[in-house]
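End of the sequence shown = 622 in my numbering, gap-free, step of one.
Glycine included, C-beta positions come from ideal geometry on N, C-alpha and C.
Computed from a predicted structure; not experimentally measured.
One structure is given here, and the rest of the page talks about it.
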Amino acid sequence: MTDAATKVVQFALRLLTTALLACVAASVIMGVICMAAGPDVEPLAEMMLTTLLVTVLFGSWTMATVVIRAGRLVIIMLISGLGTLAGVGLLVWLIQVQPDIDWQKAEVISQVGVTILLPSLALVHNGALSLLATRGIVRLVKVGTMICPWVFLGCIMMLMWRDFTFPFGSWGLLFVLGPVMLVSLLLAAVGTIVVPLATVGRLSRRSLPEGAVESRVAISMDCPQCGKRHQFTAGAAKCPACRAKMFIEFEEPHCECGYLLYRLTGEVCPECGRPVPVEQRWAAAETIE
Numbered sequence: 334m335t336d337a338a339t340k341v342v343q344f345a346l347r348l349l350t351t352a353l354l355a356c357v358a359a360s361v362i363m364g365v366i367c368m369a370a371g372p373d374v375e376p377l378a379e380m381m382l383t384t385l386l387v388t389v390l391f392g393s394w395t396m397a398t399v400v401i402r403a404g405r406l407v408i409i410m411l412i413s414g415l416g417t418l419a420g421v422g423l424l425v426w427l428i429q430v431q432p433d434i435d436w437q438k439a440e441v442i443s444q445v446g447v448t449i450l451l452p453s454l455a456l457v458h459n460g461a462l463s464l465l466a467t468r469g470i471v472r473l474v475k476v477g478t479m480i481c482p483w484v485f486l487g488c489i490m491m492l493m494w495r496d497f498t499f500p501f502g503s504w505g506l507l508f509v510l511g512p513v514m515l516v517s518l519l520l521a522a523v524g525t526i527v528v529p530l531a532t533v534g535r536l537s538r539r540s541l542p543e544g545a546v547e548s549r550v551a552i553s554m555d556c557p558q559c560g561k562r563h564q565f566t567a568g569a570a571k572c573p574a575c576r577a578k579m580f581i582e583f584e585e586p587h588c589e590c591g592y593l594l595y596r597l598t599g600e601v602c603p604e605c606g607r608p609v610p611v612e613q614r615w616a617a618a619e620t621i622e
């Protein structure tokens, strides 16, 4: 991305995050009001459902913006963002005008809205998980977690758009698909939590090799991808401009006798007294407090 595009995406991310937090707060407030409203809950329930749908909209947009910012799946995330807008728009419009239209038309509109909204959310979910670098069993869990929302979505589509006969009617179909929907939803929820935690845990366990400079030491260097100069610390790092990921290692200088010369300000080795070359002294090293 260019600098201008990066700034636009960063501004959009801040704006969407603020809107998402506002919608979450509004959803909680509306839920409390609905629980306290008593028998006159229908208008409030409609407002709460509308607020929840708008929260879903801003939540998906925020996550899609994060994926786009990482330079991944830009076209897919833009399409999914438009899909969530269209799906939420149809459902919100239906909530507001439902008493004034025929129930058959309302059913078709709700089916179309859900059919547009759910795949868009599944795409955003998959795009977010694609950002996580995994390996081994965690990668298998991630792939399974990405598949589960589509299994759940397929079951929903079968229930909504059924045009075939099934033993014992709709209840029979629900009896068969219900457990599949429940399991796929639970697995998707658990995987969405476990995979990021496992990835973060693996990264946190990645320690610098023995004899490497501690991570609070900073170095000013050009990014190997975009060529812009930034300050980086030892270990996992990311370029602020192009978001390129890298892992920086500094080798500590050793005297011929094996003594570590890290942060040495003198001219001779404290262990054996040998002269220390200027290039092996760390007097100019900058640390981050």
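{"Item": "The stretch 477-495 touching the stretch 409-421, judged by at least three CB pairs closer than 8 Å", "Value": "no"}
{"Item": "E589 vs R607 beta-carbon contact at 9 Å", "Value": "yes"}
{"Item": "Which listed residue (Q444, C575, G414) has its alpha carbon closest to that of G392", "Value": "G414"}
{"Item": "Among V611, Y592, L597, G599, nearest to C605 - alpha-carbon criterion", "Value": "Y592"}
{"Item": "Collapsed DSSP secondary structure at T515 in the structure displayed", "Value": "A small correction: the amino acid at residue 515 is Leu; Thr does not occupy that position in the sequence shown. Of the three classes helix, strand and coil, the one that applies to L515 here is helix, per DSSP."}
{"Item": "Rounded separation between C575 and H563 - CA only", "Value": "11 Å"}
{"Item": "Cβ neighbour criterion (16 or more within 10 Å) applied to L451", "Value": "buried"}
{"Item": "Nearest residue (CA-CA) to W483, options L473, L464, L465, A455", "Value": "A455"}
{"Item": "G568, enclosing beta strand (DSSP E) - first and last residue", "Value": "568-571"}
{"Item": "Per DSSP, the bridge partner or partners of R402", "Value": "Partner(s): none; R402 has no beta bridge."}
{"Item": "Endpoints, beta strand (DSSP E) assigned at K578", "Value": "578-581"}
{"Item": "Segment contact, 8 Å Cβ cut-off, at least three pairs: the stretch 520-534 with the stretch 458-475", "Value": "yes"}
{"Item": "CA-to-CA distance, T383 to R689, given in whole angstroms", "Value": "Look at the range of the chain in this structure, 334 to 622, and you will see that residue 689 is not part of it."}
{"Item": "Span of the alpha helix (DSSP H) around E604", "Value": "E604 -> no alpha helix (DSSP H), and no H or E assigned at all."}
{"Item": "Where Q444 sits in the DSSP three-state scheme", "Value": "helix"}
{"Item": "Beta-ladder partner(s) of H587, from DSSP", "Value": "L593"}
{"Item": "Where T498 falls, given that 16 or more other Cβ within 10 Å makes a residue buried", "Value": "In this prediction, T498 scores a pLDDT of 49, lower than 50, which makes its location untrustworthy; the coordinate-derived value is nonetheless stated afterwards. Per the 10 Å Cβ criterion, exposed."}
{"Item": "Among M491, M396, P557, nearest to K578 - alpha-carbon criterion", "Value": "P557"}
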